[in-house]
Amino acid sequence: MEQSIRKKNNNQINIVLNTRTKAPAPVPPPKSILTEPSPKHEMLKQIEEEMSKLVGMNEVKSIIKEIYAWIYVNKKRQETGLKAEKQVLHMLFKGNPGTGKTTVARIIGKLLYEMNVLSKGHLIEAERADLVGEYIGHTAQKTRDLIRKSLGGILFIDEAYSLARGGEKDFGKEAIDTLVKHMEDKQHDFVLILAGYSREMNHFLSLNPGLQSRFPFIIEFPDYTVNQLLEIGKQMYEEREYQLSKEAEWKLRDHLNAVKYSSAITAFSNGRYVRNIVEKSVRSQAMRLLLQDSYDKHDLLTIAGADLSFEEEAHGL
Numbered sequence: 663m664e665q666s667i668r669k670k671n672n673n674q675i676n677i678v679l680n681t682r683t684k685a686p687a688p689v690p691p692p693k694s695i696l697t698e699p700s701p702k703h704e705m706l707k708q709i710e711e712e713m714s715k716l717v718g719m720n721e722v723k724s725i726i727k728e729i730y731a732w733i734y735v736n737k738k739r740q741e742t743g744l745k746a747e748k749q750v751l752h753m754l755f756k757g758n759p760g761t762g763k764t765t766v767a768r769i770i771g772k773l774l775y776e777m778n779v780l781s782k783g784h785l786i787e788a789e790r791a792d793l794v795g796e797y798i799g800h801t802a803q804k805t806r807d808l809i810r811k812s813l814g815g816i817l818f819i820d821e822a823y824s825l826a827r828g829g830e831k832d833f834g835k836e837a838i839d840t841l842v843k844h845m846e847d848k849q850h851d852f853v854l855i856l857a858g859y860s861r862e863m864n865h866f867l868s869l870n871p872g873l874q875s876r877f878p879f880i881i882e883f884p885d886y887t888v889n890q891l892l893e894i895g896k897q898m899y900e901e902r903e904y905q906l907s908k909e910a911e912w913k914l915r916d917h918l919n920a921v922k923y924s925s926a927i928t929a930f931s932n933g934r935y936v937r938n939i940v941e942k943s944v945r946s947q948a949m950r951l952l953l954q955d956s957y958d959k960h961d962l963l964t965i966a967g968a969d970l971s972f973e974e975e976a977h978g979l
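With the first letter of the sequence shown counted as 1, position 98 gets the number 760 in our numbering; the numbers rise by one all the way through.
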């Protein structure tokens, strides 16, 4: 309780009691409602969740986790004053079309950006025509320009073996030499990923003995099994809010078995092949429903066996 003393004009002293109490000091909120720090390894969990949507790819998923572990532990070494040297992250992807190589390259770019290894994390996709010029000196300039655009991110060159197809006098060799030089000079400024068929990529590496050693990560992308291809197809339908009837599912499985193990087929585009089937069946279903003039929810959702047609896909693998 506080008191104040006031003196009146007639020399009387008036004492006034102040019954107001002081405002209590603010009490800090209990720890349980304080903002919690981000969960440990949140970035890894996000990447793993994204990778979990990809069918198969066990080796790829393991390597990405290994890359994350190296970056994370390297940061801990820096914090304790230990040496933390940067590691070269150039990669070589070997496998048939449609096995997820480009998708994985994008995920790696995202991981390296979030972990502050790459400043942008973007993906530049290129092929032979984007690198090889028409006259001496033109190829080196085109290749340097492409590398400049990819700084801070990933340069992904598909069918990279095509750079070596023309022999010693071909301008493709000039592109390879330029790439090799910048792989060394700017090895921590961008990540180069060369991709292509396994056999052709093995031959490509044999033409330049020093090339393979520049890629610490050589990853095989195996063809999908029939079960995996069917799972990919179902995922594609679900993303579009469709579902296969039982008849359609068995029809698709039988076709994938026949196509995948056909001796007449030399190249199979895996996920791309399935995507073409899915997209065509959606168009066929739309035409069927239009002719039937039937649009209830079940009909709109269901891909029937009659909607699956494979003749064109079998000729264009």
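Even for Gly, the Cβ is constructed at its ideal location relative to N, Cα and C.
- Per DSSP, the beta-bridge partners of F818 are E787 and I855.
- Sequence-distant Cβ neighbours of T801 in its own chain, meaning closer than 6 Å and more than five residues away, are V794, G795, F833, E836 and A837.
- Checking the DSSP bridge columns, you'll see L754 partnered with L856 and I880.
- If you draw a straight line from the Cα of T840 to the Cα of Y730, it is about 29 Å long.
- With a beta-carbon spacing of about 7 Å, L773 and I726 fall inside the 8 Å limit used to define contacts.
- Cβ-Cβ distances below 6 Å link E862 to Y823 in the same chain, with the five nearest sequence neighbours on each side left out; the list follows chain order.
- Contact between I894 and F755 fails: their C-beta atoms lie close to 18 Å from each other, not under 8 Å.
- Out of M777, T887 and M845, the CA that lies nearest to the CA of K738 is found in M777.
- Rounded to the nearest whole angstrom, the CA to CA distance from H752 to S907 is 44 Å.
- In the DSSP assignment, N932 falls within the alpha helix (DSSP H) that extends over N932 to Q954.
- Non-local beta-carbon contacts of I709 in its own chain, meaning distances under 6 Å to residues more than five positions away in sequence, involve L773 in chain order.
- Bounds of the alpha helix (DSSP H) holding Q897 are V888 to E901.
- If you check the CB distance, S931 and L970 do not come in under 8 Å.
- Partner residues in the beta bridge of T964, as assigned by DSSP, are Q905.
- One Cα belongs to A767, the other to S875, and the distance between them is close to 20 Å.
- With a 10 Å radius around the Cβ and a threshold of 16 neighbouring Cβ atoms, K804 comes out buried.
- The alpha carbon of L918 has as its nearest neighbour, out of Q905, D885, W732 and G783, the alpha carbon of D885.
- Look at the beta carbons and you see the stretch 851 to 870 not touching the stretch 704 to 724: under three pairs across the two are nearer than 8 Å.
- Here I798 is exposed: its Cβ has fewer than 16 other Cβ atoms, across all protein chains shown, within 10 Å.
- A791 and L962 have their alpha carbons spaced roughly 43 Å apart.
- When secondary structure is reduced to three states using DSSP, F833 falls in the coil class, being assigned neither helix nor strand.
- Leaving aside the five residues that flank R915 on each side, the residues in its chain whose CB is nearer than 6 Å to its CB run, in chain order, L892.
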